[in-house]
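According to this note's numbering, the sequence shown is numbered sequentially starting from 69.
Shown next, in structure tokens, is the structure this report addresses.
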Amino acid sequence: MIDLHCHSYFSDGVLSPEALLAKAVTAGVCVLALTDHDTIDGLRRLHAAGCHQSIQLIDGIELSVRWKKYDIHVIGLGITPNDANLTDLIAIQTERRIARALQIGECLAHFGVQNAYQKACDIAGHDRVGRPHFAQVLMHEGLVADMKTAFKRFLGDKQRAYVSTSWISLADAVHGIVQAGGRAVIAHPLKYKLTRTKLHELIKDFKHAGGVGLEVVSGEMVDTDVHEMADLCLRFDLLASSGSDYHGDRLSRVALGRQKRLPVHCTPIW
Ligand code: MN
Ligand code: MN
Ligand code: MN
Numbered sequence: 069m070i071d072l073h074c075h076s077y078f079s080d081g082v083l084s085p086e087a088l089l090a091k092a093v094t095a096g097v098c099v100l101a102l103t104d105h106d107t108i109d110g111l112r113r114l115h116a117a118g119c120h121q122s123i124q125l126i127d128g129i130e131l132s133v134r135w136k137k138y139d140i141h142v143i144g145l146g147i148t149p150n151d152a153n154l155t156d157l158i159a160i161q162t163e164r165r166i167a168r169a170l171q172i173g174e175c176l177a178h179f180g181v182q183n184a185y186q187k188a189c190d191i192a193g194h195d196r197v198g199r200p201h202f203a204q205v206l207m208h209e210g211l212v213a214d215m216k217t218a219f220k221r222f223l224g225d226k227q228r229a230y231v232s233t234s235w236i237s238l239a240d241a242v243h244g245i246v247q248a249g250g251r252a253v254i255a256h257p258l259k260y261k262l263t264r265t266k267l268h269e270l271i272k273d274f275k276h277a278g279g280v281g282l283e284v285v286s287g288e289m290v291d292t293d294v295h296e297m298a299d300l301c302l303r304f305d306l307l308a309s310s311g312s313d314y315h316g317d318r319l320s321r322v323a324l325g326r327q328k329r330l331p332v333h334c335t336p337i338w
């Protein structure tokens, strides 16, 4: 089993890199990529913990990008973590992420949640917080019952506490990953709720920039969607990736390495 998409507490996951590795080994994962949002901070500790294990570790990242009016996630696999250009991109993203988080915090104050940014940072253990952290704050404050409702009513696209962010462009993200020696993959292609025409347009722009992979299996999916994504790989000559997008037992429905298998006619990216 391979798992090329998961998160540690260096972004919005619950577990440490060490705990993640232990879980992967127990689950029988043989190739693991840690792909924290806009940070490589967990990679060194994952390697340190994994050096005596037989599991293959791939250095990864999940970059948020702006494509047209959509927020898209691009995964980089096999990157050189300390690449200078990638480091610059990460610095830009971090600055924008914190600025966005401060704005979300101010916005949530209007709904009676005081110091939401600080509370989100306390949950995360760092200051580069994202929307899942705010969703947890909203749950703790009793405004919503679960993560899904937090996004649906407050944090999701066009909702009351949604803050539009000027993430780096799709092309900049893909170039950054490729220059750092990695392969770029479109993460969870069905999560953006794009029309099929728009999704094809995204894939064409992504390929034009140098992207090579599509996440055919991502977290919880129905078989028909998996097969449709596999067909897109064939049609657009893309390599297939697969990941659980695991964030921790209480946040994810699919456990590490427990996502569906890639259809046999796909060419796996790893
Ligand atoms: Mn996440
Ligand atoms: Mn994502
Ligand atoms: Mn993810």
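The C-beta atom is built at its ideal place from N, Cα and C for all residues, glycine as well.
Straight-line Cα distance separating S132 from L319: 20 Å
Contacting residues, own chain, Cβ-Cβ under 7 Å from A277 (five flanking each side not counted): L238, A239, V242, H243
Run of the beta strand (DSSP E) containing Y138, from where it starts to where it stops: 138-145
CA nearest to the CA of L270, picked from Y138, A298, A248, I172: Y138
Inter-residue Cα distance where the pair is T94 and L88: 10 Å
Segment contact flag, the stretch 92-108 with the stretch 148-161, C-beta cutoff 8 Å, min 3 pairs: yes
CB contact flag (G281, L300, <7 Å): no
Residue burial classification, V284 (beta-carbon count within 10 angstroms, cutoff 16): buried
CB contact flag (I143, A298, <7 Å): no
Distance, G198 Cα to A169 Cα: 7 Å
Distance CB(S309)-CB(L72) smaller than 7 Å: yes
Ordered list of beta strand (DSSP E) runs contained in the stretch 239-308, each at least 3 residues: 251-254, 281-286
H368 CB to nearest heavy atom of ligand 2 below 6 Å: Outside the shown range of the chain, which is 69 to 338, sits residue 368, and nothing can be said about it.
G128 beta carbon less than 7 Å from that of L145: yes
For review: beta carbons within less than 7 Å of any heavy atom in ligand 1: H75, S79, D80, H105, G198, P200, H315
Simplified DSSP state of L88, which is helix, strand or coil: helix
Between the CA atoms of Q227 and R221 - distance to the nearest angstrom: 6 Å
Ligand 3 heavy atom lying under 6 Å from the CB of E130: yes
Residues near K187 by beta carbon distance below 7 Å, same chain, minus five either side: V205
Contained beta strand (DSSP E) runs [length at least 3] in the stretch 158-241, N- to C-terminal order: none
Residue interval of the alpha helix (DSSP H) (run including A101): Taken as a continuous stretch (DSSP letters only), A101 belongs to no alpha helix (DSSP H), being part of the beta strand (DSSP E) at 99-102.
Own chain residues within Cβ distance below 6 Å of E288, not counting five before or after: R321, V322
V133, DSSP secondary structure in three states: strand
Buried/exposed call for R196, threshold 16 Cβ in 10 Å: buried
Residue nearest to C334 in terms of C-alpha spacing, selected from H268, F219, G180, R303: R303
In DSSP terms, what P336 is bridged to: A308
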